[in-house]
Amino acid sequence: MVTVTLEGRGDLTEWREAARTLLLARTEPRMIDWRCRNGAVDDLFGPAAEAPQAPNTAAASVPAVTVPKAFLSLAQAVICHSDPLRFQLLYRILFRLQRERTLLQVLSDADVAQLHAMEKSVRRDCHKMTAFVRFKEIDAEQGYARRRFLAWFEPDHHIVARAAPFFQRRFTDMDWIIATPKGTAAWDGDALTISTEPAANPMLVDSTDRLWQTYFSNIFNPARLKVKMMMTEMPKKYWKNLPEAELIPGLIAGAEASVVAMAERAASEAPLFHQRLQALARAEPDIVQASAGTLEELREEARHCTRCPLHCSATQTVFGEGPQDARIMIVGEQPGDQEDLAGRPFVGPAGAVFNTAAQEAGLDRKETYVTNAVKHFKYEPRGKRRIHQKPNVGEVQHCKWWLTRELALIKPKLVVAMGSTALMALTDSRQRLADLRGEMLQLSHGQLLLVTVHPAYLLRIPDEGRRLEEMARFRSDIARAASFGRQAMSHPAVEWRVPATGDIKPSIGVG
Amino acid sequence: MNNMKKSLNERLAILSDAAKYDASCASSGTVKRDSSKSGGLGSTEGSGICHAYAPDGRCISLLKILMTNFCIYDCAYCINRSSSNVERARFSVEEVIWLTLEFYRRNYIEGLFLSSGIIRSSDYTMEEMVRIARELRVTHKFGGYIHLKSIPEASPLLIEQAGLYADRLSINIELPTDSALTRLAPEKRPANIRKSMGELRLKIEAAGEPTLQTKRRKRFVPAGQSTQMIVGADQTNDKGILGTSARLYGSYGLRRVYYSAFSPIPDASKNLPLIKPPLMREHRLYQADWLYRFYGFGIEEITENQPDGMLDLKLDPKLAWALANRHRFPVNINTAEREMLLRVPGLGTKAVSGILSARRHRRLRLEDLARLHVSIKKVQSFVVTEGWTPHRLIDRSDLRAMFEPKPEQLALL
């Protein structure tokens with residue numbers, strides 16, 4: 204049996220050196236008696252024998268003992284544990300690791316599970332230290348350049364050195380000391396000093412604690428008493444150093460009475476200023492004024508549209524955009540994710556496809572009126588995203604109310620229907636989009652309709668070759684609309700020859 | 016009314032009491048900040064810290080106060096509505112800053128969660144709040160956590176400024192349906208609340224794009240946005256509430272939707288139920304919310320077998336789902352895919368990662384699961400492991416009864 208005695212104050216180096224030596228000597232874990240100086244264990248058996256001396260050679264000549272990185276970082280935590288068995292457990296795992304290289308990944312192994320349990324206990328203790336240390340101001344009247352604070356804390360494990368850097372990163376602009384029975388940490392703006400010597404409770408008071416107590420008792424909701432939950436997270440062992448904890452018994456005892464008192468105070472007469480506010484609100488109708496019969500008025504009206512349930516889940520009405528005297532009106536299907544957030548049509552990925560095509564064709568978006576058949580975004584939530592859903596016939600019918608008015612106000616010479624929803628909204632046609640694609644059709648007297656695909660469709664074609672082909676067709680459709688626009692501008696009086704339209708009948712009368 | 020100016024302590028009592036109905040106290044999920052370079056005060060390191068717990072079981076992480084509880088709105092569910100006779104108070108900008116810094120120095124808090132009643136106008140109120148955040152950051156080099164409640168109808172420009180200094184912004188959706196909100200909060204516009212969330216999402220995304228010159232991303236609301244819904248003040252069922260949450264998560268990239276069981280307030284409006292807050296319902300909603308976000312469940316799946324669209328109060332929603340879908344069990348711990356492991360009652364995300372890692376090296380037995388901190392009692396009916404099959408346990412008609420809480424003797428009032 205080999206006896207090894209260590210300081211055991213959270214320093215990995217002493218254990219590491221002893222363990223390396225023992226491992227090189229192939230000492231079996233059960234042959235070692237690990238002891239802690241000042242610990243309860245060693246006094247039972249009298250003075251302990253010294254650890255075997257490391258071979259008296261330079262470190263380089265000692266064969267290297269290799270361990271996975273994960274073991275070192277776990278060991279750094281576990282060594283801070285106050286359980287005397289930690290040295291033994293660490294050595295046993297170190298020993299097994301020499302043969303079982305993947306041991307640490309077997310979280311269900313008894314040793315590994317215990318290692319993690321100890322690591323967790325140390326981590327929790329550190330975390331509770333960052334939470335429950337309470338600094339009290341000292342020497343406030345002395346006129347030091349930096350303010351000074353002192354805290355007393357009682358950790359379970361040897362964690363002062365491990366937790367101290369947190370306080371340095373956080374409380375940089377003040378001097379502080381954290382004293383504990385397991386050592387002290389101090390910061391003076393230049394250096395962090397750690398000692399493992401036990402300190403005594405300085406028993407300080409700080410007048411700001413009273414404000415904190417006021418806060419603590421008022422942020423508490425007596426109607427939701429859940430004492431067990433509080434006790435799990437803030438165990439009683441911490442209470443003696445928390446200024447707020449002395450209030451807890453009183454708050455619990457008085458909770459029921461204050462809920463009853465609350466109930467009795469139900470609904471009294473409203474104060475005077477409430478009446479004044481209400482009167483003021485009634486005098487000030489909350490409606491934006493826009494002159495009647497304009498696009499602006501229509502847009503404002505549409506903002507409050509509740510004609511179908513889509514408005515409940517969408518962010519806002521995405522109304523058409525463009526000048527009231529536009530010659531060309533583009534009608535898409537419905538706003539998408541980006542349009543819904545921005546409140547403007549065609550600003551998302553499909554909008555980008557349309558913009559590029561329009562730019563290449565010389566179609567100026569600023570002179571074109573762009574809108575959608577349905578003005579609210581219909582979608583299905585899927586995790587962090589929204590999946591577009593095609594509007595149904597009912598929703599298209601409801602929303603036609605707005606499209607009809609847009610057409611009536613703008614009186615475009617050419618309407619471009621992008622996609623089948625737009626086609627349906629404009630014509631009630633049951634014909635397939637493919638059959639009407641690229642045709643100039645008569646929509647109503649003096650008003651033409653050009654049918655093309657929706658740009659979002661182009662983005663969804665998986666085959667690269669086909670996509671490019673379809674993209675080119677779409678561009679040529681838009682180019683056709685653009686050239687119509689230019690000609691209509693230079694020869695506004697020219698009557699356009701229209702090919703036979705078959706059984707297309709406009710569903711929207713233009714007034 | 017008492018015209019004597021109230022002391023700071025008295026006002027702190029009023030303005031923290033007024034703030035307690037906001038459930039959020041999170042201080043996590045922001046960027047890492049450290050004062051060693053700035054020489055200032057404060058840091059944030061990923062996960063937040065709960066510095067205290069009140070007897071209501073809620074963590075106290077932030078100084079959660081109202082700038083003022085004067086308010087021109089009259090929302091029936093709110094203690095601070097204009098028609099309430101609650102005592103009113105107001106902090107100055109300097110007082111909020113002082114309290115935040117002094118509380119922080121004593122390690123009581125992680126930072127500030129500032130909300131406010133609306134005084135004069137939305138913009139005036141928001142401007143004061145932005146001033147507090149800016150002075151904390153710029154003048155006092157404060158690196159702690161700041162959560163600002165956006166004031167409804169405040170101008171987008173002010174929200175943008177707030178986002179430069181705050182870690183998180185939130186605006187409360189308050190109630191699960193537009194009609195309930197319109198009925199109980201006549202001044203609030205549900206559409207404008209959504210619009211504000213949408214604008215914030217766009218700004219957060221825009222800031223996340225690296226700039227052309229420096230390739231650096233702008234720091235803007237690094238802990239994202241959240242919202243809160245009051246549960247039990249209106250008639251909406253759990254299915255409706257969770258559906259609204261799903262839409263909010265999908266639409267605005269919210270980090271969290273908080274559920275707040277409607278709690279009786281002093282001087283309550285007659286339009287509201289004066290009942291004990293439905294705490295268990297609130298808890299079940301949080302569990303369902305987690306299943307939706309981290310366990311691959313759809314809202315439809317969680318609620319489809321529940322009568323009236325209400326979650327089972329006796330069983331957690333995953334267990335309720337499993338009992339209604341017994342044909343999917345038992346699940347073989349040694350071979351099942353991650354997605355299915357996550358659906359086993361009693362297995363959390365950590366346990367599932369542990370199983371996936373360990374089973375690459377050995378076949379797992381029930382006792383291995385115990386060492387991964389899994390409750391054997393809870394999982395054994397649903398899993399097959401090396402040396403364990405539940406036999407017909409999964410088909411037992413009293414399986415539900417095995418999991419239900421034991422009947423308690425009624426407490427005498």
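Protein chains in written order, with the working numbering: chain X, 204 to 714; chain R, 16 to 428. Even glycine gets a Cβ: it sits at the ideal position worked out from N, Cα and C.
For this session: Along the alpha helix (DSSP H) that carries X/His-288, what are the first and last residues, could you check?
Result: Numbered from 1 along the first sequence, position 85 holds the residue referred to as residue 288 of chain X. It is Leu, not His, that sits at residue 288 of chain X in the sequence shown. It is not in any alpha helix (DSSP H) - X/Leu-288 carries neither H nor E in the DSSP assignment.
Exercise. Where does X/Met-571 fall in DSSP's three states?
Worked result: If you number the first sequence from 1, residue 571 of chain X lands on position 368. Checking the sequence, you will find Thr at residue 571 of chain X rather than Met. For X/Thr-571, the three-state secondary structure derived from DSSP is strand.
Exercise. Nearest to X/Leu-651 by alpha carbon, out of X/Ile-531, X/Leu-414, X/Arg-223, X/Glu-303?
Worked result: Counting from one through the first sequence, the residue named residue 651 of chain X turns up at place 448. Distances from the alpha-carbon of X/Leu-651 to those of X/Ile-531, X/Leu-414, X/Arg-223, X/Glu-303 put X/Ile-531 closest.
For this session: State the start and end residues of the unbroken beta strand (DSSP E) segment that holds X/Glu-583.
Result: To locate residue 583 of chain X, count along the first sequence from 1; it is residue 380. Start and end: 582-585.
For this session: Measure the C-alpha to C-alpha separation of R/Ala-261 and R/Ser-22 and round it to an integer number of angstroms.
Result: As a working mapping, residue 261 of chain R is identified with position 246 in the second sequence. As a working mapping, residue 22 of chain R is identified with position 7 in the second sequence. When rounded, the distance between both Cα atoms is 44 Å.
Exercise. What does a CB cutoff of less than 8 Å around R/Ile-256 pick up in its chain, not counting 5 residues either side in sequence?
Worked result: Position 241 of the second sequence, counted from the start, is the residue given in the question as residue 256 of chain R. Counting only Cβ-Cβ distances below 8 Å, and skipping sequence neighbours, we find Pro-191, Met-244, Val-246, Tyr-274, Leu-300.
Exercise. Do you know how far the Cα of X/Pro-287 is from the Cα of R/Ile-166?
Worked result: Here residue 166 of chain R corresponds to residue number 151 of the second sequence, with the count starting at 1. Here residue 287 of chain X corresponds to residue number 84 of the first sequence, with the count starting at 1. Answer to the nearest angstrom: the Cα atoms are 56 Å apart.
Exercise. Do you know how far the Cα of R/Glu-202 is from the Cα of X/Tyr-347?
Worked result: Position 144 of the first sequence, counting from 1, holds the residue named residue 347 of chain X. Position 187 of the second sequence, counting from 1, holds the residue named residue 202 of chain R. Going by C-alpha positions, X/Tyr-347 is about 52 Å away from R/Glu-202.
Exercise. What is the residue span of the alpha helix (DSSP H) that R/Asp-37 lies within?
Worked result: Locating residue 37 of chain R in the second sequence gives position 22, where the first residue counts as 1. R/Asp-37: not part of any alpha helix (DSSP H); DSSP gives it neither H nor E.
Problem set entry | Per-residue DSSP class, three states only, for R/Lys-365 | Here the question's residue 365 of chain R lines up with position 350 in the second sequence. Secondary structure of R/Lys-365 (DSSP, three-state): helix.
Exercise. If R/Lys-210 and X/Gln-519 are in contact, beta carbons under 8 Å, what's the gap, nearest whole angstrom?
Worked result: Working through the second sequence from its first residue, we reach residue 210 of chain R at position 195. Working through the first sequence from its first residue, we reach residue 519 of chain X at position 316. The Cβ separation is near 5 Å, so the contact holds.
For this session: Give me whichever residues DSSP pairs with X/Ile-397 in a beta bridge.
Result: In the first sequence, the residue the question calls residue 397 of chain X occupies position 194. Per DSSP, X/Ala-388.
Exercise. Just reading off the beta strand (DSSP E) that X/His-591 is part of, what are its end residues?
Worked result: Locating residue 591 of chain X in the first sequence gives position 388, where the first residue counts as 1. Annotation: the continuous beta strand (DSSP E) that includes X/His-591 extends over 588-591.
For this session: Could you check if X/Val-596 is buried or exposed, using at least 16 other CB atoms within 10 Å of its CB as the buried criterion?
Result: As a working note, residue 596 of chain X is residue 393 in the first sequence. The residue is exposed, with fewer than 16 neighbouring Cβ atoms inside 10 Å.
For this session: Would you kindly check if the distance between the Cβ of R/Gly-126 and the Cβ of R/Asn-95 is under 8 Å?
Result: Against the second sequence, residue 95 of chain R aligns to sequence position 80. Against the second sequence, residue 126 of chain R aligns to sequence position 111. No, the Cβ-Cβ distance between R/Asn-95 and R/Gly-126 is not below 8 Å.
For this session: Determine the direct distance from the alpha carbon of R/Phe-277 to that of R/Thr-251, and round the result to whole angstroms.
Result: Position 236 of the second sequence, counted from the first residue, corresponds to residue 251 of chain R. Position 262 of the second sequence, counted from the first residue, corresponds to residue 277 of chain R. In this structure, the CA atom of R/Thr-251 is about 13 Å from the CA atom of R/Phe-277.
Exercise. When the distance is taken between beta carbons, is R/Gly-57 closer than 8 Å to X/Arg-373?
Worked result: The count along the first sequence starts at 1 and reaches residue 373 of chain X at position 170. The count along the second sequence starts at 1 and reaches residue 57 of chain R at position 42. It is a contact, given that the beta carbons lie within the stated cut-off.
Problem set entry | Rounded straight-line distance, which links the Cα of X/Arg-219 to that of X/Ser-276 | Residue 276 of chain X sits at position 73 when you count from the first residue of the first sequence. Residue 219 of chain X sits at position 16 when you count from the first residue of the first sequence. Approximately 12 Å, taken between the alpha carbons.
For this session: For R/Phe-309, count neighbouring Cβ atoms within 10 angstroms of its own Cβ and tell me buried if that reaches 16, exposed if not.
Result: Within the second sequence, the letter at position 294 stands for residue 309 of chain R. Under the 10 Å beta carbon count, R/Phe-309 is surrounded by fewer than 16 other beta carbons and is classified as exposed.
Problem set entry | Residue burial classification, R/Ala-426 (beta-carbon count within 10 angstroms, cutoff 16) | One-based indexing of the second sequence puts residue 426 of chain R at position 411. In this prediction, R/Ala-426 scores a pLDDT of 48, lower than 50, which makes its location untrustworthy; no coordinate-derived value is stated.
For this session: Measure the Cβ-Cβ separation of X/Val-268 and X/Leu-226 and say whether it is below 8 Å.
Result: On the first sequence, position 65 is the one that residue 268 of chain X refers to. On the first sequence, position 23 is the one that residue 226 of chain X refers to. The Cβ atoms of X/Val-268 and X/Leu-226 sit closer than 8 Å to each other.
Problem set entry | Residue environment, R/Ser-51, which counts as buried when at least 16 other CB atoms sit within 10 Å | As a first step, residue 51 of chain R is located in the second sequence; it is residue number 36 there, counting from the start. Flag for R/Ser-51 reads exposed.
Exercise. Alpha carbon to alpha carbon, how far is X/Val-363 from X/Thr-399?
Worked result: Working through the first sequence from its first residue, we reach residue 363 of chain X at position 160. Working through the first sequence from its first residue, we reach residue 399 of chain X at position 196. Spanning the alpha carbons of X/Val-363 and X/Thr-399 requires a straight line of approximately 8 Å.
For this session: Could you work out which residue in X/Ala-611, X/Glu-303, X/Glu-217 is closest to X/His-648 when comparing CA atoms only?
Result: Here residue 648 of chain X refers to the residue found at position 445 when the first sequence is read from its first residue. Closest in alpha carbon position to X/His-648, among X/Ala-611, X/Glu-303, X/Glu-217, is X/Ala-611.
Exercise. Are any of the Cβ atoms in chain A nearer than 8 Å to that of R/Ser-98?
Worked result: Here chain A cannot be found, since the structure's protein chains are X and R.
Exercise. Does DSSP put R/His-388 in a helix, in a strand, or in coil?
Worked result: In the second sequence, residue 388 of chain R corresponds to position 373, counting from 1. It is coil, neither helix nor strand.
For this session: Using the Cα positions of R/Ala-373 and X/Asp-314, report the straight-line distance between them to the nearest angstrom.
Result: The residue labelled residue 373 of chain R in the question sits at position 358 within the second sequence. The residue labelled residue 314 of chain X in the question sits at position 111 within the first sequence. The straight-line gap from Cα to Cα measures roughly 14 Å.
For this session: Sort X/Arg-427, X/Ile-296, X/Arg-365, X/Arg-233 by Cα distance to X/Arg-327 and report the nearest one.
Result: The residue labelled residue 327 of chain X in the question sits at position 124 within the first sequence. Closest option to X/Arg-327, Cα to Cα, is X/Arg-365.
Problem set entry | Assumed close pair X/Met-621, X/Val-534 - CB separation to whole angstroms, cut-off 8 Å | On the first sequence, position 418 is the one that residue 621 of chain X refers to. On the first sequence, position 331 is the one that residue 534 of chain X refers to. In this structure X/Met-621 touches X/Val-534 by the C-beta definition: roughly 7 Å separates them, less than 8 Å.
Problem set entry | X/Leu-644 - DSSP class collapsed to helix/strand/coil | By one-based count along the first sequence, residue 644 of chain X stands at place 441. Strand at X/Leu-644.
For this session: May I have the straight-line CA-CA distance separating R/Glu-102 from R/Ile-29, to the nearest angstrom?
Result: For the purposes of this step, residue 102 of chain R is taken as the residue at position 87 of the second sequence. For the purposes of this step, residue 29 of chain R is taken as the residue at position 14 of the second sequence. Cα-Cα distance, rounded: 7 Å.
For this session: Would you please state the rounded distance, in angstroms, between the beta carbons of R/Met-82 and R/Leu-116? I believe it to be under 8 Å.
Result: Walking along the second sequence from the start, residue 82 of chain R turns up at place 67. Walking along the second sequence from the start, residue 116 of chain R turns up at place 101. Not really, about 16 Å apart at Cβ, beyond 8 Å.
Exercise. Taking 8 Å as the CB-CB cut-off, is R/Ala-34 touching chain X?
Worked result: Along the second sequence, one-based indexing puts residue 34 of chain R at 19. At least one chain X Cβ lies under 8 Å of R/Ala-34.
Problem set entry | Per DSSP, the bridge partner or partners of X/Thr-206 | Your numbering for residue 206 of chain X matches position 3 in the first sequence. Within the DSSP secondary-structure output, X/Thr-206 pairs in a beta bridge with X/Asp-236.
Exercise. Taking Cβ-Cβ distances below 8 Å as the criterion, which residues of the region 599-622 of chain X are in contact with chain R?
Worked result: Within the region 599-622 of chain X, no residue has a Cβ that lies closer than 8 Å to any Cβ of chain R.
For this session: Counting only runs of 4+ residues fully inside the region 37-74 of chain R, write out the alpha helix (DSSP H) ranges in chain order.
Result: List check, alpha helix (DSSP H) in window: 50-53.
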